[in-house]
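Visitor: Take the sequence shown: its position 128, counted from the start at 1, is 976 in this note's numbering, and no numbers get skipped.
The beta-carbon is built from N, C-alpha and C at its ideal position, and this holds for glycine as well.
Everything numeric in this text was worked out from a predicted model, so none of it was measured.
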Amino acid sequence: MQPQKAQKIDLAQSYPCPCRRRGQLTQIALTEAFGCNRCQQIFVVEEGGYVLEELSTSYRYKRTWRWNGHQWNGVSSGLNDSYLPIVLGVVLVLLIIGLLLALTSTTHSGVAFWAVVLLLLALLPALMVLLAYRR
Ligand SMILES: [Zn+2]
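(1) Can you give the Cα-Cα distance for Ala877 and Cys867, rounded to whole angstroms?
(2) Should Thr952 be labelled buried (16 or more other beta-carbon atoms within 10 Å of its own) or exposed?
(3) Does the beta carbon of Gln889 fall short of 7 Å from some heavy atom of ligand 1?
(4) Cβ atoms of Arg914 and Ala860: under 8 Å apart, would you say?
(5) How far does the beta strand (DSSP E) with Gly922 in it extend, from its first residue to its last?
(6) Below 8 Å on the Cβ atoms is my guess for Thr874 versus Ser862; work out the distance and round it to an integer in Å.
(7) Cα-Cα, which of Gln872, Phe961, Leu942, Val939 is closest to Leu949?
(8) Do the CB positions of Glu902 and Gln889 come within less than 8 Å of each other?
(9) State yes or no: is the C-beta of Arg869 nearer than 7 Å to some heavy atom of ligand 1?
(10) For Met849, count neighbouring Cβ atoms within 10 angstroms of its own Cβ and tell me buried if that reaches 16, exposed if not.
(11) Does the beta carbon of Arg886 fall short of 7 Å from some heavy atom of ligand 1?
(12) When you compare the CB positions of Gly922 and Arg911, do they come within less than 8 Å of one another, or not?
(13) Going by DSSP, which residues form a beta bridge with Leu873?
(14) Could you check which residue in Val939, Cys865, Leu978 has the C-alpha nearest to that of Leu966?
Shown next as structure tokens:
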């Protein structure tokens with residue numbers, strides 16, 4: 849996914865702004881943040897200096913970037929995007945198993961069926977949290 853290794857962001861340096869207005873990022877005095885001279889956005893440095901994060905009023909949707917030494921690489925909004933298909937896939941598989949068990953229901957698989965239902969119910973809040981953090 850990331851062929852070029854991310855480089856640590858040096859607050860003493862200035863970087864081009866990830867906005868498309870050719871702005872320059874310079875450190876805001878006495879903070880661990882950068883300001884852009886074009887878009888007036890404030891960016892904070894996160895994850896030990898490897899991730900630039902847009903300081904946004906909306907906490908649900910944060911844009912982040914990594915510096916590869918030449919340019920900013922957008923980090924697709926957190927892990928949610930990559931994990932959601934997996935979660936959905938797992939839920940789907942569980943549903944199919946549950947259905948199969950329900951169709952071939954005997955006393956034993958009946959127990960298994962309810963175990964699957966309970967598991968799904970447990971997964972549901974996790975799924976809702978994931979969905980809530982999406983844009
Ligand atoms: Zn900018």
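Guide: So, from the data block:
(1) Locating residue 877 in the sequence shown gives position 29, counting from the first residue. Locating residue 867 in the sequence shown gives position 19, counting from the first residue. Approximately 21 Å, taken between the alpha carbons.
(2) Locating residue 952 in the sequence shown gives position 104, where the first residue counts as 1. Thr952 is exposed by the Cβ-count criterion.
(3) Counted from its first residue, the sequence shown places residue 889 at position 41. True, at least one ligand heavy atom lies under 7 Å from that Cβ.
(4) One-based indexing of the sequence shown puts residue 860 at position 12. One-based indexing of the sequence shown puts residue 914 at position 66. No, the Cβ-Cβ distance between Ala860 and Arg914 is not below 8 Å.
(5) Taking the first residue of the sequence shown as 1, we reach residue 922 at position 74. That run of the beta strand (DSSP E) goes 920 to 923.
(6) Numbered from its first residue, the sequence shown carries residue 874 at position 26. Numbered from its first residue, the sequence shown carries residue 862 at position 14. With 8 Å as the limit, Thr874 and Ser862 qualify as a contact, their Cβ atoms being about 5 Å apart.
(7) Counted from its first residue, the sequence shown places residue 949 at position 101. Minimum Cα distance to Leu949 is reached at Phe961.
(8) For the purposes of this step, residue 902 is identified with residue 54 of the sequence shown, where counting begins at 1. For the purposes of this step, residue 889 is identified with residue 41 of the sequence shown, where counting begins at 1. Yes, Cβ-Cβ distance for Glu902 and Gln889 is below 8 Å.
(9) Here residue 869 corresponds to residue number 21 of the sequence shown, with the count starting at 1. Checking every heavy atom of ligand 1 against the Cβ of Arg869, one is found closer than 7 Å.
(10) Taking the sequence shown and counting its residues from 1, the one referred to as residue 849 is at position 1. Confidence in Met849 is poor, its pLDDT being 47 and thus under 50, which makes the residue's placement too unreliable to answer from.
(11) Translated into positions along the sequence shown, residue 886 becomes position 38. Flag set: Cβ of Arg886 near ligand 1.
(12) As a working mapping, residue 922 is identified with position 74 in the sequence shown. As a working mapping, residue 911 is identified with position 63 in the sequence shown. Yes, these two residues count as a Cβ contact at 8 Å.
(13) In the sequence shown, residue 873 corresponds to position 25, counting from 1. DSSP output for Leu873 lists Tyr863, Cys884 as bridge partner(s).
(14) Position 118 of the sequence shown, counted from the start, is the residue given in the question as residue 966. Answer by Cα proximity: Val939.
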